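Worksheet for the structure shown next.
2 protein chains.
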Amino acid sequence: MRMTSAGARGRRTLAILASIVVLGLALTTGGAIGQAPPQPVADALPSWNEGSAKRAIIDFIRTTTDPASPGFVPPQDRVATFDQDGTLWTEHPLYTQVLYAFARLHLLTEAKPELRQREPFRTVLSGDRDAIAKLSLHDLEKVLAVTLTGMSTETFRTEVAEWLAHARDPRWKRPYTELTYVPMQEVLAYFRANGFRTYIVTGGGQDFVRVYAQAVYGIPPEQVVGTAGATSYTYDANGKPVLIKEPKLLLNDDQAGKPEGIHFMIGRRPQASFGNSTGDRQMLEYARAGDGPRLAVLVLHDDASREYAYGPAEGLPDTHVGTFTAQLHDEAIRQGWTVISMKTDWKRIFAFDP
Amino acid sequence: MRMTSAGARGRRTLAILASIVVLGLALTTGGAIGQAPPQPVADALPSWNEGSAKRAIIDFIRTTTDPASPGFVPPQDRVATFDQDGTLWTEHPLYTQVLYAFARLHLLTEAKPELRQREPFRTVLSGDRDAIAKLSLHDLEKVLAVTLTGMSTETFRTEVAEWLAHARDPRWKRPYTELTYVPMQEVLAYFRANGFRTYIVTGGGQDFVRVYAQAVYGIPPEQVVGTAGATSYTYDANGKPVLIKEPKLLLNDDQAGKPEGIHFMIGRRPQASFGNSTGDRQMLEYARAGDGPRLAVLVLHDDASREYAYGPAEGLPDTHVGTFTAQLHDEAIRQGWTVISMKTDWKRIFAFDP
């Protein structure tokens, strides 16, 4: 009974979250999201400035969907994969999931006060931004393991949905789910309107992203591939079957893990792939290596005033976020990948931009 | 280059295999497979005799798809999962995948003659059916690891497709891909015509089943959940990225591994689930434990003349196939699961039946 009512509450929270986010996007983007019929090419990407990036995307769709084109891809085979953090929404100053883990850690210490004296928990709880920025990836993984496992998948979903409904990004004072890039939402809708199945392929937690992917991106749970831990099938106090999240890594969906995860979860090679960091390099390379027309795209964060500038552009140093190194930038140029400049290619970034 | 031409050959072989199988089924089942519009209820399951099993299936579809029903499920949430071996096609006397592994072992010993003297390979190569029947599951796993890993995913796909095109079942002298149950093909088509996404959730190898699932069942690769090994992303001699199949288990998609695999790969609880053995028990239990109308179905092999009889029915002993134990049969009755008698519920079993 406990599980059932928690599940119902989760669904209610989710439904409210969904309506807010979908309504918000529909009002501000002119309804670009959803099951719209194919749009005239001139209208498909209204938030994009004319340029090589916009042209590469439109040319790819034209070549793969025109039955007269030698690069035509049958509708049932059309797959496009998108990294999430830094590609579809903001990843600075820290991944949303890490912020969620930090919030859970505060709650957790009420039941387990001994954590307060142990590293790396002590540093996280201190709130000292400089010290937190110096934590290693291994330290962060310890925090994730302690905070995001041990509960049922349904409890996890409910808790994430409740946090997302109330948490606010400190810079924009808005829910994290509003920090998605309107131009990329247009790309998702444009690909779907042209028969592509759009997948998120993220280094972030699969269960975490699945909580909001449908409401925020129109992407259902089965089209979210992410870093995933094992679950164990067991029974709650009422004999009802539950899946408990275990601190055991099944899929590390980053770098080479991305094409490996794509094979495991999708079983097809995508024709198009979008990313923004070295964590996406192998996914883009894998997508490009297939026959026929291929599209590999990197989002370059070079707009410090409207979002952030980091990587090969001047600006914030990289800390825990995937790195868009100068080397990756060189490779993109050498391989003929498309690089999106947020500053020059995008008319606006967020739905709430003036 | 080698990989490219092998890939092209594989696709050609697959295309030929696909046309033969699809054409064969379309000719013999009256085109029950495919994107047909919803059919009148009376025609949806023509190979089924009237009875409680057929009624339970039709009632479930009616309740979940009628917008006026309190059990209505929105189309985007409709998911049904199907075990393969013994549920959608014949699993006796051995799983098709094990037969494939045995065939590969013979080829493999040409390159590695030392395997001929080592167990369990020596027993398999002897062809002694009684001795083979006594091999443990662990022995069989050794054979699978040696024969089904070490090559690229594309080479694996090509080799499986070529074997399937030529191998014949000794009893019916037909390709294994023809040994699917027409009544279950009708159920798959009926569910899809009513907006359900149909998934295979198999203890068999995910990569193996994906080779033919589209052609044989109309189920695309991303809707096949199966036992899966890791792959490693690397480069061939020409610098082309490839995924190499590794002898490291990622997902043991059997028993409790089935609901765990469903959560991992689909992220939704199915409303309906079909199986035939103890390996499917937890999947059926998990499907049943959700809210609203639920359907859990077991196929009972009780027709020795048209197919096989084993499990609680008299007939062949269980060897390496999942077991439909008397205990499972009791549980099905107690839980109100539907049990299909192949003998009395199905008018015909195979498309080639007279």
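Going down the list, the protein sequences come from chains H and Z. Everything in the first sequence is counted per the working numbering, starting at 251 for the first residue and increasing by one. Everything in the second sequence is counted per the working numbering, starting at 251 for the first residue and increasing by one. Glycine included, C-beta positions come from ideal geometry on N, C-alpha and C. Everything numeric in this text was worked out from a predicted model, so none of it was measured.
Pull up the CB-CB distance for residue i and residue j, whole angstroms please, since I reckon it's below 8 Å.
{"i": "residue 512/H", "j": "residue 451/H", "result": "6 Å"}
{"i": "residue 593/Z", "j": "residue 553/Z", "result": "4 Å"}
{"i": "residue 393/Z", "j": "residue 520/Z", "result": "The Cβ separation is near 32 Å, so there is no contact."}
{"i": "residue 523/Z", "j": "residue 534/Z", "result": "5 Å"}
{"i": "residue 531/H", "j": "residue 578/H", "result": "6 Å"}
{"i": "residue 397/H", "j": "residue 351/H", "result": "4 Å"}
{"i": "residue 301/H", "j": "residue 595/H", "result": "6 Å"}
{"i": "residue 536/Z", "j": "residue 562/Z", "result": "Rounded, the Cβ-Cβ distance is 23 Å, inconsistent with contact."}
Of all the options the options, which has the alpha carbon lying nearest to the alpha carbon of residue i?
{"i": "residue 574/Z", "options": "359/Z, 335/Z, 486/Z, 366/Z", "result": "335/Z"}
{"i": "residue 358/H", "options": "337/H, 346/H, 399/H, 343/H", "result": "399/H"}
{"i": "residue 472/H", "options": "466/H, 483/H, 457/H, 402/H", "result": "457/H"}
{"i": "residue 549/H", "options": "309/H, 431/H, 454/H", "result": "431/H"}
{"i": "residue 403/H", "options": "501/H, 368/H, 327/H, 483/H", "result": "483/H"}
{"i": "residue 296/H", "options": "366/H, 433/H, 380/H", "result": "433/H"}
{"i": "residue 427/Z", "options": "347/Z, 585/Z, 510/Z", "result": "347/Z"}
{"i": "residue 559/H", "options": "325/H, 340/H, 382/H, 453/H", "result": "340/H"}
{"i": "residue 395/H", "options": "498/H, 595/H, 602/H", "result": "498/H"}
{"i": "residue 304/Z", "options": "591/Z, 362/Z, 383/Z, 465/Z", "result": "591/Z"}
{"i": "residue 327/Z", "options": "302/Z, 517/Z, 293/Z, 318/Z", "result": "517/Z"}
{"i": "residue 455/H", "options": "551/Z, 514/Z, 344/Z", "result": "514/Z"}
{"i": "residue 587/Z", "options": "538/Z, 429/Z, 323/Z", "result": "538/Z"}
{"i": "residue 465/Z", "options": "415/Z, 380/Z, 525/Z, 540/Z", "result": "415/Z"}
{"i": "residue 557/Z", "options": "338/Z, 293/Z, 332/Z, 325/Z", "result": "338/Z"}
{"i": "residue 555/H", "options": "362/H, 529/H, 603/H", "result": "603/H"}
What is the DSSP secondary structure of residue i, counted as helix, strand or coil?
{"i": "residue 394/H", "result": "helix"}
{"i": "residue 413/H", "result": "helix"}
{"i": "residue 491/H", "result": "strand"}
{"i": "residue 611/H", "result": "One cannot answer for residue 611/H here, as it falls past the ends of chain H, which runs 251 to 604."}
{"i": "residue 498/H", "result": "strand"}
{"i": "residue 540/Z", "result": "coil"}
{"i": "residue 453/Z", "result": "strand"}
{"i": "residue 323/H", "result": "coil"}
{"i": "residue 552/Z", "result": "strand"}
{"i": "residue 592/H", "result": "helix"}
{"i": "residue 337/H", "result": "coil"}
{"i": "residue 361/H", "result": "helix"}
{"i": "residue 427/Z", "result": "helix"}
{"i": "residue 367/H", "result": "helix"}
{"i": "residue 285/Z", "result": "Confidence in residue 285/Z is poor, its pLDDT being 40 and thus under 50, which makes the residue's placement too unreliable to answer from."}
{"i": "residue 297/Z", "result": "coil"}
{"i": "residue 376/H", "result": "helix"}
{"i": "residue 447/H", "result": "strand"}
{"i": "residue 477/H", "result": "strand"}
{"i": "residue 484/H", "result": "strand"}
Between residue i and chain Z, is there a C-beta pair that is closer than 7 Å?
{"i": "residue 324/H", "result": "no"}
{"i": "residue 276/H", "result": "Low local confidence applies: a pLDDT of 31 at residue 276/H is under 50, so the model's placement there is unreliable, and no value is given."}
{"i": "residue 330/H", "result": "no"}
{"i": "residue 509/H", "result": "yes"}
{"i": "residue 535/H", "result": "yes"}
{"i": "residue 616/H", "result": "Shown here, chain H extends from 251 to 604; a query on residue 616/H therefore has no answer."}
{"i": "residue 490/H", "result": "yes"}
{"i": "residue 514/H", "result": "yes"}
{"i": "residue 294/H", "result": "no"}
{"i": "residue 472/H", "result": "yes"}
{"i": "residue 414/H", "result": "no"}
When you compare the CB of residue i with every CB in chain H, is at least one pair closer than 7 Å?
{"i": "residue 518/Z", "result": "yes"}
{"i": "residue 481/Z", "result": "yes"}
{"i": "residue 559/Z", "result": "no"}
{"i": "residue 539/Z", "result": "yes"}
{"i": "residue 532/Z", "result": "yes"}
{"i": "residue 460/Z", "result": "yes"}
{"i": "residue 499/Z", "result": "no"}
{"i": "residue 283/Z", "result": "Confidence at residue 283/Z is low in this model, with a pLDDT of 38, below 50, so the placement of that residue should be treated as unreliable; the coordinate-derived value is given next. Output row for residue 283/Z: interface = no."}
Could you check if residue i belongs to the surroundings of the ligand HEM, using beta carbon to heavy atom distance under 6 Å?
{"i": "residue 476/H", "result": "In the structure on display, the ligand HEM does not appear, and there are no ligands present to speak of."}
Segment contact, 8 Å Cβ cut-off, at least three pairs: the stretch 304 to 317 of chain Z with the stretch 498 to 514 of chain Z: no
Three or more C-beta pairs below 8 Å linking the stretch 472 to 479 of chain Z and the stretch 437 to 445 of chain Z: no
Cβ contact check for the stretch 535 to 544 of chain H and the stretch 489 to 499 of chain H: 3 or more pairs under 8 Å: no
At least 3 beta-carbon pairs within less than 8 Å: the stretch 417 to 435 of chain H vs the stretch 363 to 382 of chain H: Verdict: no, contact absent.
Given 8 Å, three or more beta-carbon pairs between the stretch 406 to 416 of chain H and the stretch 377 to 396 of chain H: By the Cβ criterion, the stretch 406 to 416 of chain H is not in contact with the stretch 377 to 396 of chain H, since fewer than three pairs of Cβ atoms, one from each stretch, lie closer than 8 Å.
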